[in-house]
Structure formats: C-alpha cells, structure tokens
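Residue numbers (my numbering), protein chains in the order written: chain Y, 23 to 240; chain G, 254 to 517.
For every residue, glycine included, the Cβ atom is placed at its ideal position computed from N, Cα and C.
Here's the structure, in structure tokens; my notes come after.
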C-alpha cells in the first residue's frame, strides 16, 4: 500500500523547496514551476491512474491538474503543502473526467439516454464473469479483470474515497474536502466502497485460494 | 460475546474509527472475528497487487514539455520580483558591493584632485564590480568543474547525486542575474553576454533532477562543453584579474579590454 501524502509532507526539505518554487512562480518566473511539475508528476499520475483506471486519462488528469494549479497559484496558501494541494486538484479533475467518460460510454451504448451522475450501480453486474472456474482464477490476468471491474462498478465518490484512503493514505478531512461532503459522510463512503469491493471480490479470491490449495495438494 | 460487525472490521482495517484498541482486544480473543478480518485482508491484499504502470523516470520532464507552451504568462508586480528569499540574499550581496564602492570612493576622493573625482568614483565602482564578478565566476567555474567530474558514489550505483551542485547552481543563478543586469547598465556588453550564457547553463543544472543517470550526466557535460562556457568563464576571469592588478588603469585601456571581450 502506498501512502503518498505522508511521505511528501514529512519531508521538510522538499516542502521548503516547494515553497520557494511557488514564490518564484508567483513572482513571474515561469521556469520555477517546472521544479514543481517534475517533482510531483509521478505521485499525481499514480493517484490519477488508480482513479480513472486508464493511462491515457491519467496522463490527461496530470497535465490538467498542473495547468489548473498554475492558474490558481494566487489562491494557494503560502503555508500549505503544494504536493497535497495539487493532489486535491487532480482528484477533483479525475472525478470530472470519470463522469465525462461515463456519459460518453452511456451515449455510445444507448444513444439519447444519459446515465445520471453518481447513480449507484450493482458491483456484481459489472463483474465480467460471475462464476469462473478455479483453473481460470489461478490466472492473475483473470483476477485483474475482476478487480478492475469491481473498481469500475463503484460510484465516483466511492472510488475516489477508496483510492485516497486505502492506497494514498489521505486523511478523512482531505477526502471530505475533495468530495464536498462532511467527514462523517466521507467515512461512510469509504465503508461502502470497501463493502462493495469485498462483496464483489471475496468469492473470487476464495476460489483462487481453494484452487491454489488443490494445486499444492495434487 | 457480541461479534464485530463488518463496519467495525473495515474501520479497524482502514483506521477509521476511534475504538481501535477495543476492537484489537476483541480480535485477540475471538477466532471467528479474526478469521473474518483475515478474509477482508486477503481481498484488500489482492487489490493492492493491482499494478500501476510506471510512466518512466523522465515523466515529470515530459509533463513539463507538454504543459509549458500552454501556461499563460504571469505578470508579477515589480516588488514581488524582488521578494523571493534567494533573490533577497543576492540583493544583499550587491547592496554590500554598492556600500563598499561608496566608502572606497570616499577614501580615494580625499587623496586625488577634486577635478578627477567623478572619473575616479566610476573607476572605483568598476573595480568593486570586477572583484565581485571575478569571485562569482570563480565559484561558477568550480561548480561546473565539479559537475563535469561527478561520478557515482559507489562503482555499482546507477545514479549520480548532483544535488549539491544543483543547490549551488540555484544560488549562483540569482547572483548571476544581478551581475548581468549591472554589466549591461555599465555598458559592458561582452561581460553581460558571457554572464547570459552562464545563466542558461546554471538554469539547466538548477532544474536537473537531484539524481541523474550517467547518460543524463553525460548530456549535461556535453552541453557545458558544446557552449565552451568553461573556457569563456576562464578567459573573462583572467581579464578581470588583470584589471584588478592594474592599480589605476587608463580609460583607454579599459575600453580596449571591453572590446577584446566583446569578441569572445
């Protein structure tokens, strides 16, 4: 599990150097922004990929996040952490991108009918094969397809909350800010996401474990 | 005994609840709940194995190349330009230079005839600038030579750490800008031109990653060599030294030195 914001925040040298680069950019030195882009792109990409689930969208999110950060640099509080701030911008844009993708997909599959934003979906309906054989489950590729399906079946808010909490180690307050929810509601969103992922994946994980056990016995 | 709910297990696993100690105590005593937590763990562990593609070491650089042309120009207020901490330090250095020039000028005024005062002060100002720029070029040369000779700390290491040179380049960059502007104001186009070339190299070094591969280091070295910046810096430093050695250079000598440098 990667817990990105803690590692960024706990490095005072990087935070100081970020603050200096922010000041220089604000003072009109466009090149100083390059330092920030080069330093934080990888982390933002990881978040964006986990949220969008594809490399092309993730790369677009990274670029857009930095462009927006540059434009909004005047609103950035001097004492804040640039890494966390650009991360939040990226998470917000990734949500917009996911919504846009969902609409495009819905239009393609069912022209004239737009799917409602944030509509809850049955995770199992998105899982590609409800009863694969244990032999097939031993193949990691198959399990990967199931995992991607289960993640894709979460609502945007649930996926964002899960990615930010479980993989990126963000605090509940930070998640609540991105999702524009109260802390309690953000916490519940993490609960729901884990519950759905568990419901969707546990049968496959157990079947995989059983298949492995049979393989070891024989 | 009441067993833990799914919500409590998730809260424990994701560290969401305030009652983690109580849950941990229960888990220590209850096989059934421990098994439930293990099942949850195995699902989350499988999810953790989902790969994230590696966008490559130079990803940040590529992102910059893609967004740089789309960034709007930021117009800063004049005072903001001077409020960057590192620039303030450089301003301090130049201010010290001006104060030194003022006092040296006063001392020399008391010795010379009153009619020569203006010319003498101009010479003193130039002498102080020559000393300061000479030192700056010496520091820049040292940094570039060290960078050119940088090697991995251990023979087996694939990356070379150039963070020390990078930080020095950042400091030198601010000083360099101020000396270049001063040289332009003094009408020393040759010195300003060499400082301008040096500035580009310093900018490249300051914006390089802290750790570079031997190939990246080679590319930086190649840039330094291709521009012949080390040679130019050495030539100008030598000239500045000569100017320092001449206690009272005549105005014609000064002009000819500037003209010579303008040919570099």
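Test: residue i CB closer than 8 Å to a CB of chain G
i	result
residue 188 of chain Y	yes
residue 98 of chain Y	no
residue 73 of chain Y	no
residue 60 of chain Y	yes
residue 218 of chain Y	no
residue 169 of chain Y	yes
residue 53 of chain Y	yes
residue 185 of chain Y	no
residue 85 of chain Y	yes
residue 92 of chain Y	yes
residue 232 of chain Y	no
residue 202 of chain Y	no
residue 104 of chain Y	no
residue 77 of chain Y	yes
residue 108 of chain Y	no
Pair within 8 Å by beta-carbon distance, residue i and residue j
i	j	result
residue 473 of chain G	residue 400 of chain G	yes
residue 83 of chain Y	residue 115 of chain Y	yes
residue 308 of chain G	residue 104 of chain Y	no
residue 223 of chain Y	residue 211 of chain Y	no
residue 75 of chain Y	residue 173 of chain Y	yes
residue 77 of chain Y	residue 312 of chain G	no
residue 205 of chain Y	residue 194 of chain Y	yes
residue 493 of chain G	residue 386 of chain G	yes
residue 413 of chain G	residue 458 of chain G	no
residue 186 of chain Y	residue 299 of chain G	no
residue 188 of chain Y	residue 291 of chain G	no
residue 88 of chain Y	residue 316 of chain G	yes
residue 183 of chain Y	residue 208 of chain Y	yes
residue 403 of chain G	residue 418 of chain G	yes
residue 306 of chain G	residue 71 of chain Y	yes
residue 263 of chain G	residue 98 of chain Y	no
residue 462 of chain G	residue 51 of chain Y	no
residue 100 of chain Y	residue 41 of chain Y	yes
residue 477 of chain G	residue 397 of chain G	yes
residue 79 of chain Y	residue 123 of chain Y	yes
Proximity to residue i [Cα-Cα], best of the options
i	options	result
residue 112 of chain Y	Y:174, Y:229, Y:173, Y:196	Y:196
residue 219 of chain Y	Y:180, Y:40, Y:77, Y:122	Y:180
residue 259 of chain G	Y:69, Y:88, Y:215, Y:166	Y:215
residue 468 of chain G	G:431, G:291, G:310, G:421	G:310
residue 45 of chain Y	Y:232, Y:92, Y:85, Y:188	Y:92
residue 164 of chain Y	Y:199, Y:129, Y:227, Y:132	Y:227
residue 395 of chain G	G:445, G:463, G:490	G:490
residue 49 of chain Y	Y:73, Y:59, Y:96	Y:96
residue 224 of chain G	G:404, G:448, G:322, G:461	Coverage of chain G is limited to positions 254 through 517, which leaves residue 224 of chain G absent and any answer about it impossible.
residue 121 of chain Y	Y:102, Y:73, Y:59, Y:86	Y:73
residue 171 of chain Y	Y:126, Y:132, Y:221, Y:62	Y:221
residue 166 of chain Y	G:294, G:301, G:480, G:274	G:301
Close Cβ partners of residue i (< 8 Å) along its chain, the five nearest in sequence each way excluded
i	result
residue 393 of chain G	425, 429, 451, 455, 486
residue 261 of chain G	270, 272, 276
residue 285 of chain G	256
residue 297 of chain G	266
C-beta neighbour in chain Y for residue i, strict 8 Å
i	result
residue 455 of chain G	no
residue 434 of chain G	no
residue 323 of chain G	yes
residue 319 of chain G	yes
residue 260 of chain G	yes
residue 269 of chain G	yes
residue 519 of chain G	One cannot answer for residue 519 of chain G here, as it falls past the ends of chain G, which runs 254 to 517.
residue 263 of chain G	yes
residue 460 of chain G	yes
residue 305 of chain G	yes
residue 280 of chain G	no
residue 316 of chain G	yes
Contacting residues, own chain, Cβ-Cβ under 6 Å from residue i (five flanking each side not counted)
i	result
residue 90 of chain Y	111
residue 118 of chain Y	none
residue 513 of chain G	Any answer about residue 513 of chain G is weak, because its pLDDT of 47 lies below 50 and its placement is not dependable; what the coordinates show is given next. Same-chain partners within the cutoff: there are none.
residue 423 of chain G	459
residue 445 of chain G	433, 436, 437
residue 39 of chain Y	none
residue 421 of chain G	396
Neighbourhood of residue i by C-beta, 7 Å cutoff - its chain only, sequence neighbours within 5 removed
i	result
residue 57 of chain Y	43
residue 47 of chain Y	54, 55, 95
residue 287 of chain G	280
residue 86 of chain Y	115
Near the ligand NAD: residue i beta-carbon under 7 Å from a heavy atom
i	result
residue 112 of chain Y	No copy of the ligand NAD occurs in the structure displayed, which carries no ligand at all.
**Request:** Could you name each continuous alpha helix (DSSP H) segment of 4 residues or more that falls completely within the stretch 415-451 of chain G, going from the start of the chain to the end?
**Result:** 416-438
**Item:** Inside the stretch 257-314 of chain G only - alpha helix (DSSP H) runs reaching at least 4 residues
**Value:** 259-266, 273-282, 284-301
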